[in-house]
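Residue 721 in our numbering is what sits at position 93 of the sequence shown, and the numbering runs on without skipping anything.
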Amino acid sequence: MSRAGGKQAQLESTGEAGRFQLSGDLSFETVPGLWAEAERLFRGSGDVELDLGAVARTDSAGLALLVALTRRAAQHDQAIRFCHFPEQLRAMARLSGLADFLQLAPEKA
Numbered sequence: 629m630s631r632a633g634g635k636q637a638q639l640e641s642t643g644e645a646g647r648f649q650l651s652g653d654l655s656f657e658t659v660p661g662l663w664a665e666a667e668r669l670f671r672g673s674g675d676v677e678l679d680l681g682a683v684a685r686t687d688s689a690g691l692a693l694l695v696a697l698t699r700r701a702a703q704h705d706q707a708i709r710f711c712h713f714p715e716q717l718r719a720m721a722r723l724s725g726l727a728d729f730l731q732l733a734p735e736k737a
């Protein structure tokens, strides 16, 4: 768990191999701790599925975390898939030109 200034975020295993859940606020305050936790949890896990459905709020640091996790996965010959992508993050990824890099599924009409 990463906590700063009353805000918290958590990255934890769902109990299924390679499946993790990210929850809370993704911010400049919480992302460094989440990165360290991801390094620990993802090491040796094979392909990764990251559920973002419990992310409450985010700023650009949250988007940067997902980019860094995608790069990390590629460097370790892992695939990473994001599911339940929050609309706020989706909009930021689209506006910054990162939707394709993060392999986001197209929005449903």
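Cβ atoms here follow ideal geometry from the backbone N, Cα and C, with glycine treated the same way.
Do Gln636 and Gly652 have their C-beta atoms closer together than 7 angstroms? Residue 636 sits at position 8 when you count from the first residue of the sequence shown. Residue 652 sits at position 24 when you count from the first residue of the sequence shown. Cβ distance < 7 angstroms, so Gln636 and Gly652 count as in contact.
Hey, would you say Gln649 sits closer than 7 angstroms to Asp679, going by beta carbons? Position 21 of the sequence shown, counted from the first residue, corresponds to residue 649. Position 51 of the sequence shown, counted from the first residue, corresponds to residue 679. A contact, by the Cβ cut-off of 7 angstroms.
Own chain partners of Ala684 with C-beta closer than 7 angstroms, once the 5 adjacent residues on each side are dropped: Counted from its first residue, the sequence shown places residue 684 at position 56. Gly652, Asp653.
Start and end of the beta strand (DSSP E) containing Phe710? Looking up residue 710 in the sequence shown gives position 82. Here the beta strand (DSSP E) through Phe710 covers 708-711.
Cβ of Gln731 less than 7 angstroms from any chain C Cβ? Included in the structure is just one protein chain, with no chain C present.
Chain-order list of residues whose beta-carbon lies under 8 angstroms from that of Ala692 (same chain, five-residue window excluded): Position 64 of the sequence shown, counting from 1, holds the residue named residue 692. These residues qualify, in order along the chain: Val659.
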